[in-house]
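Numbering-wise (the numbering used here), the sequence shown opens with residue 1 and increments by one.
Beneath this line is the structure, given in structure tokens, with notes to follow.
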Amino acid sequence: MVKRALLALGLALLGCGSDPITQVIVVVDSDIADLEQIRLDVVAPDGRTETATAALGAGEPGLPRTLTLVHSTGPLGPYQVTATGLRGGGPVVDRRASFDFQADRSLVLTMHLVAACQGQSCGGQTCTERGCESLDSNGRLTAWTGTPPRLGETPMVDMGTPEVDMCRPEVCNDADDDCDGAVDEEVTVSDEACNGDDDDCDGTTDEDFDLQNDPMNCGGCGIQCVFRNGSGTCTGGSCVIASCDAGFEDCDGDGTNGCEIDTSSNASNCGGCGNVCRNPDRICCTGSCQRSCP
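Take a look at the structure:
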């Protein structure tokens with residue numbers, strides 16, 4: 001079971017007390033000035049859904065907003081979270097994530113809603129300020145320091161309370177990860193996975209993955225080069241558009257919105273970028289300027 005604290009501008013009691021808490025603080029910030037409401041939907045492993053909403057605007061607390069999820073019983077995950085920014089009662093932008101609680105740890109899940117993601121589709125991934133990313137956010141959870149990270153900031157780990165913020169399940173790294181006084185005990189050796197851990201215990205982390213050129217792990221584990229109406233490749237740790245689907249072009253050179261132009265019907269880019277149907281009697285049909293569409 002998960003208990004939740006309603007969206008607020010920081011919660012003074014987070015992380016207080018002598019006993020560690022198993023919790024995830026969802027932080028929502030945005031660069032979209034005219035959002036009127038934020039909604040968070042949380043789906044538990046058993047399918048139950050909890051929803052929290054927060055109003056924005058005059059007389060309301062400013063961004064960022066936080067939603068505290070406290071684990072009490074049941075499996076630690078996976079939990080599914082969807083953050084939606086609304087205007088006029090309708091959705092403007094959303095972001096999705098999946099995570100697992102970590103026992104006795106207070107962690108931060110950032111769900112920033114950015115203007116560049118409006119109208120964008122990332123297929124089975126989600127749109128973030130860094131482009132399309134995997135829904136699995138376990139590798140991107142950070143320790144709660146008492147201050148919600150703002151959009152554009154890199155969350156910092158609270159080094160002052162290692163017993164709460166730094167302990168985690170034991171992995172093979174010659175360190176006492178779970179803070180029980182033993183090193184690498186009860187570690188199960190497995191095939192190497194791209195997750196920041198030395199799964200096969202050979203002294204090297206993620207050695208089987210080329211983060212500079214792997215389109216499934218580009219610049220970091222789980223970052224897939226997926227583009228709207230096109231396909232991508234990984235070059236130097238960055239996702240770039242390799243090709244656009246038939247009938248689509250990347251006319252603005254902005255990879256975050258993929259191949260955004262349908263050249264079969266766009267009068268300003270008819271059949272290709274920059275091909276304008278200048279005659280007012282002409283419209284773009286199947287990639288050419290015509291008087292009317294068949």
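Backbone N, C-alpha and C fix where the C-beta goes; we use that ideal spot for every residue, glycine too.
Exposed or buried, which one is T73 when buried takes at least 16 other CB atoms within 10 Å?
exposed
State the Cα-Cα distance for the pair E32 and I38, rounded to the nearest angstrom.
The amino acid occupying residue 32 in the given sequence is Ile; Glu does not appear at that position. Each residue's Cα considered, the two are about 12 Å apart.
Cβ-Cβ distance between A143 and M111 below 8 Å
no
Does DSSP put T73 in a helix, a strand or coil?
coil
Closer than 6 Å by C-beta to I25: which residues in its own chain qualify, once you throw out the five before and the five after it? Chain order, please.
T66, T68, V108, W144
So, is L35 buried or exposed, given that buried needs 16 or more other C-beta atoms within 10 angstroms?
buried
Local conformation of D158 per DSSP, three classes:
Here the model assigns D158 a pLDDT of 37, short of 50, so the residue's position is not dependable, and the following value carries that caveat. Three-state DSSP puts D158 in coil, outside helix and strand.
For G230, the nearest candidate out of D208, P169, G258, Q23 (CA to CA):
G258
At what residue ranges does the segment 268–292 contain a whole run of the beta strand (DSSP E), taking only runs of 3 or more?
283–285, 288–290
Using a threshold of 8 Å, state whether the C-beta atoms of V28 and Y79 are closer than that.
no
So, E192 versus D184, is the Cβ gap smaller than 8 Å?
no
Mind checking which residues open and close the beta strand (DSSP E) that includes C225?
Element bounds for C225: n/a, residue is neither H nor E.
Mind reading off the beta-carbon distance from C225 to C234? Whole number of angstroms is fine, and I expect it under 8 Å.
5 Å
State the DSSP-derived secondary structure class of G139, mapped to helix, strand or coil.
helix
Note down the Cα distance separating F227 from A115, rounded to an integer number of angstroms.
17 Å
Would the beta-carbon of G255 fall within 8 Å of that of C273?
no
Quick check on S292: buried or exposed, where buried means 16 or more other Cβ atoms within 10 Å of its Cβ?
exposed
Per the DSSP calculation, L113 is bridged to which residue(s)?
S30
Please report the distance separating the alpha-carbon of R282 from that of D214.
45 Å
Buried or exposed for T204, going by 16 or more other Cβ atoms inside 10 Å?
exposed
Assigned secondary structure, G247 (DSSP; H/G/I helix, E/B strand, else coil):
coil
DSSP three-state assignment for T204, whether helix, strand or coil
coil
Report, in whole angstroms, the separation of the C-beta atoms of G247 and T263, which I expect to be a contact under 8 Å.
6 Å
Exposed or buried, which one is M1 when buried takes at least 16 other CB atoms within 10 Å?
Low per-residue confidence applies at M1: pLDDT is 49, beneath 50, and the placement is therefore not dependable, though the value from the model is reported in the following sentence. Exposed: under 16 other Cβ atoms inside 10 Å.
When we look at the beta-carbon of A175 and count the other beta-carbons within 10 Å, is it buried (16 or more) or exposed?
exposed
Quick one: Cα of A182 to Cα of P169, how far?
12 Å
Check for me: the beta strand (DSSP E) holding P215 runs from which residue to which?
It is not in any beta strand (DSSP E) - P215 carries neither H nor E in the DSSP assignment.
So is D46 buried or exposed if we call it buried at 16+ other beta carbons inside 10 Å?
exposed
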